[in-house]
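Quick note: the sequence shown uses the numbering used here, first residue 105, plus one each step.
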Amino acid sequence: MGNSFGKIFKISTFGESHGKGLGVVIEGCPAGLAIDEDFIRNEMQRRKPGQSKITTQRKEEDEFQILSGVFEGKSTGTPIGMVIMNTDQKSKDYGHIADKFRPSHADFTYFEKYGIRDYRGGGRSSARETAARVAAGAIAKMFLKHYGISVDAYVSQVGELKLNKSYQDLDLSKTEDNILRCPDPIMAEQMIELIDSVRKSRDTIGGVVSCVAKGVPAGIGEPVFDRLHAELGKAMLSINAVKGFEYGSGFEGIKMKGSEHNDSFYTNELGKVRTKTNHSGGIQGGISNGEDIYFNVAFKPVATIMIDQDSVNEAGESVTVSGKGRHDPCVVPRAVPIVEAMAALVLADYLLISRTNKL
Numbered sequence: 105m106g107n108s109f110g111k112i113f114k115i116s117t118f119g120e121s122h123g124k125g126l127g128v129v130i131e132g133c134p135a136g137l138a139i140d141e142d143f144i145r146n147e148m149q150r151r152k153p154g155q156s157k158i159t160t161q162r163k164e165e166d167e168f169q170i171l172s173g174v175f176e177g178k179s180t181g182t183p184i185g186m187v188i189m190n191t192d193q194k195s196k197d198y199g200h201i202a203d204k205f206r207p208s209h210a211d212f213t214y215f216e217k218y219g220i221r222d223y224r225g226g227g228r229s230s231a232r233e234t235a236a237r238v239a240a241g242a243i244a245k246m247f248l249k250h251y252g253i254s255v256d257a258y259v260s261q262v263g264e265l266k267l268n269k270s271y272q273d274l275d276l277s278k279t280e281d282n283i284l285r286c287p288d289p290i291m292a293e294q295m296i297e298l299i300d301s302v303r304k305s306r307d308t309i310g311g312v313v314s315c316v317a318k319g320v321p322a323g324i325g326e327p328v329f330d331r332l333h334a335e336l337g338k339a340m341l342s343i344n345a346v347k348g349f350e351y352g353s354g355f356e357g358i359k360m361k362g363s364e365h366n367d368s369f370y371t372n373e374l375g376k377v378r379t380k381t382n383h384s385g386g387i388q389g390g391i392s393n394g395e396d397i398y399f400n401v402a403f404k405p406v407a408t409i410m411i412d413q414d415s416v417n418e419a420g421e422s423v424t425v426s427g428k429g430r431h432d433p434c435v436v437p438r439a440v441p442i443v444e445a446m447a448a449l450v451l452a453d454y455l456l457i458s459r460t461n462k463l
């Protein structure tokens, strides 16, 4: 239960952090899509651990294997099966918490739900699971590219350090120019220094990933309960460590009057209906209006810290939990491709659904 996402372009993931591997089955991908394995590999490299001093030092190459659904470089219309094998598990690092609940982790809740849990790296609740999502998201991106749709995310905040610029004022082609994935080099350096100082103090810190989808046609989205922004929110909130989602003007919009916030329509020189502003974030009534779709995703500080913490064990006894193993001091650099993947999966699914709306 709860391991599948999407309606037509649908994925189901499987695997644990310290199991033999992870995988995904993609259903609904139309036949004839050119599958660029180098592109998938690049997306996996962006998410993989061990990239830099500000990410976990677990070494996983995240090589993938396509098992089905692709013939002579193109999708066949049948389920696409992909696997990513684990190669650098160090399960002994978790023996000390075999019967202890780590604060703010899913240890306690999984134990209460199932009566059994895989304590090695968090098992199914580990962010390692997102490797399968990124693999699937890469194929969704290929599908969207066919229709001229792009999805780009970047780090816009770490702790109190906030990039107070709109995506329109940034050169998003520079996002991959630094280990933080922030397109502003000056702010990126400050954020990197902050994460590194937090890491050295054996602690963690949170941040924000911003994302923009361009080229999405008007009319994508399903009322009433499957509004486009609701599905994007669900997708983002399904990512490990996410604590908040806002699109368009978000919480800042409450400071404005209706006369300031409303996006006035006009017809451009090509006869296309546009809006003069985009406080709506490209979505009105849960349906895309043809403008850029943009949103922010808030990530909490990583729960595993290298500082002793009070907790209890499975017997309810008071214990001390000591942080061990290899963990990210801040998740946002590696979360950028995950946010893009989940957004691409939503848009691919809703683009296919839109084909059923009218003759």
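Cβ coordinates follow ideal geometry from the N, Cα and C atoms, glycine included. Remember, predicted model here, so these are calculated numbers, not experimental data.
Neighbour-count burial assignment, residue i, 16 or more Cβ in a 10 Å radius
i: ASP275; result: exposed
i: GLU335; result: buried
i: ASN393; result: buried
i: SER260; result: buried
i: SER368; result: exposed
i: ASP142; result: exposed
i: ASN400; result: buried
i: LYS380; result: exposed
i: GLY225; result: buried
i: TYR454; result: buried
i: ASN268; result: exposed
i: ALA419; result: exposed
i: ASP273; result: exposed
i: LEU298; result: buried
i: GLY136; result: exposed
i: GLU164; result: buried
i: VAL406; result: buried
i: SER301; result: exposed
i: SER305; result: exposed
i: SER230; result: buried
i: THR279; result: buried
i: SER179; result: buried
i: PHE403; result: buried
i: GLY79; result: One cannot answer for residue 79 here, as it falls past the ends of the chain, which runs 105 to 463.
i: LEU449; result: buried
i: GLY372; result: Rather than Gly, the amino acid found at residue 372 in this sequence is Asn. Flag for ASN372 reads exposed.
i: GLU421; result: exposed
Whole-angstrom C-beta distance between residue j and residue i, which should lie under 8 Å
i: GLY357; j: HIS383; result: 6 Å
i: VAL238; j: GLU120; result: The pair is not a contact, with the Cβ atoms about 17 Å apart (cut-off 8 Å).
i: THR51; j: ASN344; result: Past the edges of the chain, shown from 105 to 463, lies residue 51, and the structure says nothing about it.
i: ILE139; j: ILE243; result: 7 Å
i: LYS318; j: SER254; result: 5 Å
i: ALA200; j: LYS428; result: With the sequence shown as reference, residue 200 is identified as His, and Ala is not the correct amino acid for it. Their Cβ separation, rounded to whole angstroms, is 6 Å, which keeps HIS200 and LYS428 in contact under 8 Å.
i: PHE205; j: SER415; result: 5 Å
i: VAL346; j: VAL436; result: Actually they are not in contact, since the Cβ atoms of VAL346 and VAL436 sit about 11 Å apart, beyond 8 Å.
i: MET186; j: LEU171; result: 7 Å
i: PRO183; j: ILE130; result: 7 Å
i: ARG151; j: ILE442; result: 6 Å
i: ALA452; j: PHE113; result: 4 Å
Assigned secondary structure, residue i (DSSP; H/G/I helix, E/B strand, else coil)
i: ALA235; result: helix
i: ARG145; result: helix
i: GLN155; result: coil
i: VAL328; result: coil
i: VAL312; result: strand
i: GLY227; result: helix
i: SER116; result: strand
i: SER270; result: coil
i: LYS245; result: helix
i: THR279; result: helix
i: PHE205; result: coil
i: ILE343; result: coil
i: LEU336; result: helix
i: ALA240; result: helix
i: TYR398; result: strand
i: ILE358; result: helix
i: GLY199; result: helix
Beta strand (DSSP E) segment containing residue i, residue limits
i: ALA257; result: 254-262
i: SER491; result: The chain is shown from 105 up to 463; residue 491 falls before or after that span and cannot be answered.
i: ARG378; result: 377-379
i: MET189; result: 184-189
i: GLY362; result: Looking at the DSSP string, GLY362 is not in any beta strand (DSSP E); the run it does join, the alpha helix (DSSP H), is 362-365.
i: PHE168; result: 168-172
i: VAL416; result: 413-416
i: ILE130; result: 125-131
i: PHE369; result: 369-371
Segment limits, alpha helix (DSSP H) that includes residue i
i: VAL406; result: Per DSSP, VAL406 belongs to no alpha helix (DSSP H) and is neither H nor E.
i: GLU444; result: 436-458
i: SER301; result: 289-304
i: ASP211; result: 211-218
Residue-level contact to chain B via CB, residue i, 7 Å cutoff
i: VAL262; result: Among the chains in the structure shown there is no chain B, since it carries only a single protein chain.
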